[in-house]
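Participant: First, the structure itself, so that you have it in front of you.
2 protein chains.
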Amino acid sequence: MKSIERGYIQVYTGDGKGKTTAALGLALRAAGAGFNVFIGQFLKAKTSSEYKALSRFKDLITIKAYGRKGLLKEVSPIDIKLARDGLEDSKRAILSNKYKLVILDEASVAVHLNLFPIEALLEVVLIKPPPLELVITGRYAHRRLIEIADLVTEMKEIKHYYKKGITGRRGIEY
Amino acid sequence: MKSIERGYIQVYTGDGKGKTTAALGLALRAAGAGFNVFIGQFLKAKTSSEYKALSRFKDLITIKAYGRKGLLKEVSPIDIKLARDGLEDSKRAILSNKYKLVILDEASVAVHLNLFPIEALLEVVLIKPPPLELVITGRYAHRRLIEIADLVTEMKEIKHYYKKGITGRRGIEY
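Listed in order, the protein sequences are those of chains Z and X. Residue numbers for the first sequence follow this note's numbering, so the first one is 1 and each next one is one higher. Residue numbers for the second sequence follow this note's numbering, so the first one is 1001 and each next one is one higher.
Below, the structure written as structure tokens:
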């Protein structure tokens, strides 16, 4: 008899490039195995190239954005509301038992910017049903999130062309 | 007038999880922007979930595998031939001007295992046409590769459930 496979809590953090893309790659792989995937993106608007690409997986991957377009310069009540509603939405997705993989993209940054407290994120993480794989990305992962995670990878910047004055490029950075 | 956008050399290395998935995420994003992508996977066979997922992008993403099924325990002449043929194949892809993004997945491990020398990899990297974005993944990235790269991220393992005795799971690790 095949036992129900346990799902884990994966955290991708650090200042290097590759956190969101690693989560997207996981989503792709899971979809390839026929699993349903939910992606909630904090602090981002639904405008990036990944949305266009993922539209080919509408049957398996649901992606939602809980942020506004452009760089966040100063946190406003709108940003807080968007992020908190997003966390509630993600919670429903986690509890729906519909998904094998749930990704909370940039949720660690949302905590860092005080859009919601770490306790609110931990509550959502800890209600995860055992078979669900949960992935949390973003710089500044909170110590308490790292403590409860099963896997933590720090993406460490060794070299970055941003330092040469290059800005984000469509299809590469967004 | 829009100038030709320069492409960069990106390296993902380190002992943490997320190198290949970050490259897959980049492929997805690039395809979302309508770019053609080539992925050459060293030391891997064409059996993983990502192949199934990427079959939905046959118009944009070409993926090839230059390895054998199962874990490599001891390097044989077959592995060397597969890897070297793979490097030649990747070189043709790079020079074809067909692709905006080329990924040499696990190429750093192929060098580490002496499937081909670092000089052979560097030669292929350095012939890259200026607009092409080139991504090289794998642990043990060679010092000389890091030197010529524009972006290097080290995926650092902070915690890993493999240490709890969990082995790779379909749709998550492969």
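Glycine included, every Cβ here is placed at the ideal spot set by N, Cα and C.
#1: So is R38 of chain Z in contact with chain X if we call contact Cβ pairs under 7 Å?
#2: Three-state secondary structure (DSSP) at Y140 of chain Z?
#3: Using the three-state DSSP reduction, which class does G25 of chain Z fall into: helix, strand or coil?
#4: Using DSSP bridges, identify the partner residues of F38 of chain Z.
#5: Does any residue of chain Z bring its CB to less than 7 Å from the CB of K1159 of chain X?
#6: Please confirm whether L1134 of chain X and I1009 of chain X have their CB atoms less than 7 Å apart.
#7: Please list the partners that T1020 of chain X has in chain Z, where partner means a Cβ-to-Cβ separation under 8 Å.
#8: If I measure Cβ to Cβ from Y1174 of chain X and keep anything under 7 Å in the same chain, skipping five residues before and after, which residues do I get?
#9: Should Y1161 of chain X and L151 of chain Z be called a contact, given that it needs their Cβ atoms to be closer than 7 Å?
#10: Can you name, in chain order, every residue of its own chain whose Cβ lies under 8 Å from the Cβ of G1018 of chain X, other than the five neighbours on each side?
#11: Helix, strand or coil: how does DSSP classify K17 of chain Z here?
#12: Kindly indicate the opening and closing residues of the beta strand (DSSP E) around V152 of chain Z.
#13: Would F35 of chain Z and K100 of chain Z be called neighbours here (beta carbons separated by less than 7 Å)?
#14: Which term fits E1106 of chain X, buried or exposed, when burial requires 16 or more other beta carbons within 10 angstroms of its beta carbon?
#15: Between which residues of its own chain and I172 of chain Z is the CB-CB distance below 8 Å, once the five residues before and five after are set aside?
#16: Using alpha carbons as the reference points, say which of Z:V125, Z:P129, Z:L28, Z:N114 lies closest to L72 of chain Z.
#17: Can you check whether the C-beta of S1049 of chain X is within less than 7 Å of a C-beta belonging to chain Z?
#18: Out of Z:A33, Z:K69, Z:L24, which one is the CA nearest neighbour of I136 of chain Z?
#19: Could you confirm whether any beta carbon from chain Z is found closer than 7 Å to the beta carbon of F1042 of chain X?
#20: By DSSP, does I148 of chain Z sit in helix, in strand, or in coil?
#21: Against E106 of chain Z, what residues of chain X qualify as contacts under a CB-to-CB distance less than 9 Å, listed in chain order?
#22: For E154 of chain Z, return the contacting residues in chain X, with the cut-off set at a CB-CB distance below 9 Å.
#23: Residues of chain X with CB under 9 Å from L28 of chain Z, in chain order?
#24: Mind listing which residues of the segment 136-155 of chain Z have their C-beta closer than 8 Å to chain X's C-betas, in chain order?
#25: May I ask you to report which of helix, strand or coil DSSP gives V1075 of chain X?
#26: Roughly how many angstroms lie between the CA atoms of K44 of chain Z and D85 of chain Z, to the nearest whole one?
#27: By the three-class DSSP mapping on this structure, what secondary structure does Y51 of chain Z have?
#28: Quick check on DSSP: helix, strand or coil for L1134 of chain X?
#29: Are A1031 of chain X and I1061 of chain X closer than 7 Å when you measure CB to CB?
#30: So is A120 of chain Z in contact with chain X if we call contact Cβ pairs under 7 Å?
#31: Is the CB of I172 of chain Z under 7 Å away from at least one CB in chain X?
Facilitator: With the given structure in hand:
#1: It is Phe, not Arg, that sits at residue 38 of chain Z in the sequence shown. No, no contact with chain X.
#2: coil
#3: helix
#4: Z:T62, Z:V102
#5: yes
#6: yes
#7: G25
#8: Once the five neighbours on either side are set aside, the close Cβ partners of Y1174 of chain X are S1048, S1049, G1168.
#9: yes
#10: Y1012, M1155
#11: K17 of chain Z falls in the coil class under three-state DSSP.
#12: 151-159
#13: Yes, they are a contact pair.
#14: buried
#15: Contacts found: none.
#16: The alpha carbon of L72 of chain Z has as its nearest neighbour, out of Z:V125, Z:P129, Z:L28, Z:N114, the alpha carbon of Z:N114.
#17: For S1049 of chain X, the nearest CB of chain Z lies under 7 Å from its own CB, placing it at the interface with that chain.
#18: Z:L24
#19: no
#20: helix
#21: Going along chain X, no residue has its Cβ under 9 Å from E106 of chain Z, so there is no contact; the nearest lies around 14 Å.
#22: One finds G1014, G1016, E1154, M1155, K1156, E1157, I1158 in chain X with Cβ atoms closer than 9 Å to the Cβ of E154 of chain Z, taken in chain order.
#23: T1021, L1024, G1025, A1027, L1028, S1049, E1050, A1053, L1054
#24: I146, A149, D150, L151, V152, T153, E154, M155
#25: Coil, per DSSP.
#26: 14 Å
#27: Helix, per DSSP.
#28: strand
#29: yes
#30: no
#31: yes
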